[in-house]
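The sequence shown begins at 0 in numbering that gives the first Met the number 0 and counts up by one. Idealized CB from N, CA, C, for every residue including glycine.
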Amino acid sequence: MCERGRKSTAMSNPFAHIVEALDPNIPDHKFYNLSKLGDPRYDRLPFSIRVLLESAVRNCDGFLVKRSDVESILNWKQTQTQSVEVPFRPARVILQDFTGVPAVVDFAAMRDAVKKLGGDPEKINPVCPADLVIDHSIQVDFNRKNRERFEFLKVFCPPCKTCSLTQAFHKGHTLYNTHGPLSIIAITISCIKPTSLHKLLILIPAPVPQWGSKAFQNMRIIPPGSGIVHQVNLEYLARVVFDQNGYYYPDSLVGTDSHTTMIDGLGVLGWGVGGIEAEAVMLGQPISMVLPEVIGYRLQGTPNKFITSTDIVLTVTKHLRQVGVVGKFVEFFGPGVAQLSIADRATIANMCPEYGATAAFFPVDHISLQYLEQTGRDSEKLDYITRYLKAVAMFRDYSNSSQDPDFTQVHELDLSTVVPCCSGPKRPQDRVAVSDMKTDFEACLAAKQGFKGFQVTPELYHVKVPFQYNDKEYSLSHGSVVIAAITSCTNTSNPSVMLGAGLLAKKAIEAGLSMKPYIKTSLSPGSGVVTYYLKESGVMDYLFQLGFEVVGYGCMTCIGNSGPLPEPVVEAITQGDLVAAGILSGNRNFEGRVHPNTRANYLASPPLVIAYAIAGTVRIDFDTEPIGECPQTNVFLRDIWPTREEIQAVERQFVIPAMFKEVYEKIEKVNERWNALNAPSDKLYTWDPKSTYIKSPPFFDGLTKELQTPKSITNAYVLLNFGDSVTTDHISPAGNIARTSPAARYLTSRGLNPRDFNSYGSRRGNDAVMARGTFANIRLFNKFLNKQAPRTLHLPSDETLDVFDAAERYQQAGLPLMILAGKEYGSGSSRDWAAKGPFLLGIKAVLAESYERIHRSNLVGMGVIPLEYLAGDTADSLGLTGRERYTVVIPEPLTPRMIVDIKLDTGKTFQVRMRFDTDVELTYFHNGGILNYMIRKMSEN
């Protein structure tokens, strides 16, 4: 557990007097009874803040957690607006492989560094329980009857009558072992027949997490093929209440994925942090956080029978974006909450990063307990969960308004006003009612290039480009759907929308509808349970007939692993410069993320994904235009759309506890080939110099025990000059490695063919690849060039170069670098490489109008200074072109949120705020980053 031994802590804890047994008949199982504090302020605290308070009370040792911290949290009503810093010790950490594998690589490098400084390398070991779920490293290379890459598949499956998971593991290992210690970690391949459905998943270096599970205590690996991290967390990993070392306490966590907040829907407080910060938590360091404001969000009313949870969350996302909840907690209350299932609540909590909050909390109620029972938790756990939460006043009755706590502000949503909707074409907060989709898309075609504009000339609005596919002729135009993916943690964990999609598919097939064969369709369920109930309810066959068969378990298209489109489709899009569309049941649709050839991407519920795939275009008004034509009649969407009542009836019959028990009882052992993979078990990792996947990172090169005084940044050049909403997708791409990119040139120099490049996500353990992939997104808009390209201007020579090549030139000349940016810099997915990459490029500071919370934390963790314009200032208002040279004056001593001077070589001086928000962050900065701090700490005798 994150907390140190309970017995010794309780002895020195000033709140030991409120410790008591939950059940007098079990005296050795105790809890800190917060109700015994005798403080009336406790009953007025938001339920989410009560979780923070319990952690502080239980861990109060006078050192890392002080009595004054407890008082600050109890006094939340006054301290919430005072930027008061408090420590928080979450009960556990959860990781996915995109961030988890780099974390294990960092730990391996940290062990080496501690040994070099004369310390015990085994001190680098998770103190806090950590689960690493392998789910992000999966790509849709094959779907439906796509045979275009069959010759490549034969490399994995030489003349054999059937292909199996076992054979795929074996062939993947023998084929790729020449490039380093790696194996295919997950694959789903059906038999090779004329109607075969091949799904090839990408590779990651399996021995790294395998080594971590052996070398480290408190680290559990959930193998590939199990499900998406957040659904596995919801259905299996979540405790709700911990029973450990003789103490009961609330389950809580941080995770290395933005959408860790999904677990808030079950009443478990959790949120995403940077991978760097999570590593420190795993090593026993509490999170230092500013006590947040809590926005109460009151739900009332009952949703229309045709409304899905996706429609609700997209409505909430747009509303809360307008309210402004960045850096705050949102806590849901009101009678409308009781109308929502846990899956519905989890969907709303999942998209918390999209509306900008830190957490989106639904306190535990009777529906939470019903969910725990439905997902196979045993009665003994349910009993102590209920008794504990009621004893500490953390059990919620949403119909009882007397339980409503104090909030910073209250906002409301009447669920009866929600209408079917999508979000796009470039941001998740840009909600569009389905009834307005056609007109909105056509307006986007005409609008100036931007979040809602493509700037297509009027004479090209209705252009059609013919092409041949499988010996038949088709045509594409603006708005044509080329990717339709039922994917992502947001929706595939929700039985109502998944069964709704299945029932829609059933009705569509029965009505004689089909979809174009060139559309890349895929279904990636959140867990094996989803596949189970889709099959048992009889709808899987209909999904299959439409082209939505299971391609594996993972994020896939939502994370950018959509795989290749058919070449004729790509050629047609390119020839006509078309704004082709992707439609996905995901949570992120930033430009360039889903696929390079889909400039418009819309988030939608799984049933709507199918609907737009059948229609073949987003330029359709479902109210007035048929979704498809049949021999006898036109079919409208309303004719085949299932109601909530229909869906709920199927859900009650087929989503049962036995399914969850059967799937999760064998989750850690079911993947026999994964378990059989060889991995070293030494205390120190044995780096393979031949590997292009795993490489010892240079973060700790030259690290000494002595602190170096921070120096001013002198005469820095601006490497990149950005506008608003530069996302972590722009900074650290997760898709395929372009053949002309710096990363491709590096891999080619190591003897790899383009076929073997794999993706950036799979190579996150190799800094040489990731540094070259930093700012390599083709949709990167750099003001220096005034166009989209992964390039920049090398100012001393006035040459246009790839970003990495320009940064390398600056570094070779010993010149420091900065970035200029607008609002919401670093929004999007939690990616530690979005901070590690710029650090390796030599970037010393970023100057922006505002930051996404996790990315700012990651920059701090890597020792990169986040600077923020003062209120009212922007690059434009200050007359900054980015061609100046910047000197950032760093005074001593530093204080949190300090205002510092920037001097330009033009003679101009202006002031900015240094966004080190806490004393702890300043400590990290003085150490050169959080990992350097932990190494020095662990090297002490």
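Given a length threshold of 4 residues, each whole run of the alpha helix (DSSP H) inside the segment 406-476 is given here in chain order: 436-445.
Judged by beta-carbon spacing, ARG896 lies beyond the 7 Å limit of GLU590, meaning their Cβ atoms are not closer than that value.
Per DSSP, the continuous beta strand (DSSP E) segment holding ALA129 begins and ends at 129-132.
Spatial neighbours of PHE361 in its own chain (CB-CB distance under 7 Å, excluding positions within 5 residues in sequence) are listed in chain order as ASP263, GLY264, GLY266, PHE331, VAL336, ARG344 and ALA348. ILE626 and SER876 have their C-alpha atoms spaced approximately 50 Å apart. Closest in C-alpha terms to ALA359, from the list LYS822, ASP396, GLN402 and ARG297, comes ARG297.
Shown here, PRO709 sits in coil according to DSSP, grouped into three states, outside any helix or strand.
When VAL289, GLY323, PHE30 and VAL322 are compared, the shortest CA-CA separation from VAL240 is found for PHE30. If the five residues before and after PRO567 are omitted, its C-beta is found closer than 8 Å to the C-beta atoms of PHE466, GLN467, TYR468 and TYR517, all from its own chain and listed in chain order.
From the listed residues GLU441, GLU353 and THR530, the smallest Cα separation to PRO457 is found for GLU441. Exposure of ASP27 is indicated by the presence of fewer than 16 other C-beta atoms within 10 angstroms of its C-beta. Note: PRO865 is bridge-paired with VAL845 in the DSSP secondary-structure output. The three-state secondary structure of SER287, taken from DSSP, is strand. Of the candidates LEU371, PRO865, HIS410 and ARG672, HIS410 places its Cα closest to the Cα of ILE294. LEU879 sits in coil when the DSSP states are folded into three classes, being neither helix nor strand. Ranked by Cα distance from ALA342, the options SER415, GLU292 and MET261 are led by MET261.
The C-alpha of CYS554 is placed about 24 Å away from the C-alpha of ARG771.
As computed with DSSP, TYR716 is found in a beta bridge with LEU816. Taking all protein chains in view, the Cβ of LEU522 is crowded by 16 or more other Cβ atoms within 10 Å, so the residue is classified as buried.
Between the segment 849-859 and the segment 815-832, the count of Cβ pairs shorter than 8 Å is three or higher; the stretches touch. In the DSSP assignment, ASN735 forms a beta bridge with SER758.
Within its own chain, the residues whose Cβ lies closer than 8 Å to the Cβ of GLN647, once the five positions on either side in sequence are excluded, are SER495, listed in chain order. Per DSSP, TYR517 lies in no alpha helix (DSSP H) segment and is marked neither H nor E. Straight through space, the alpha carbons of ASP250 and VAL363 are spaced by roughly 11 Å. If you ignore the 5 residues before and after ILE508, its C-beta comes within less than 8 Å of the C-beta of TYR541, GLN544 and LEU545, all in its own chain and listed in chain order.
The residues GLY559, GLY591, TYR759, GLY772, ALA775 and ASN776, in chain order, have a CB closer than 8 Å to that of PRO732 in the same chain once the five nearest residues on each side in sequence are set aside. Taken in chain order, the complete beta strand (DSSP E) segments of 3 or more residues contained in the segment 568-601 are 580-583.
Residue pairing from DSSP places GLY254 in a beta bridge opposite ILE93 and GLY271.
For TYR397, the three-state secondary structure derived from DSSP is coil. Cβ-Cβ distances below 7 Å link GLY878 to nothing in the same chain once the five nearest sequence neighbours on each side are left out. The C-alpha of LYS463 is placed about 48 Å away from the C-alpha of LYS694. Counting along the chain, no beta strand (DSSP E) covers GLN338, and no H or E run does either. GLN77: member of the alpha helix (DSSP H) spanning 75-78, first to last residue. Here ASP242 carries a strand assignment [DSSP, helix/strand/coil]. Secondary structure at GLY860: helix, using DSSP grouped into helix, strand and coil. The C-beta of VAL888 has fewer than 16 other C-beta atoms within 10 Å across all chains shown, which makes the residue exposed.
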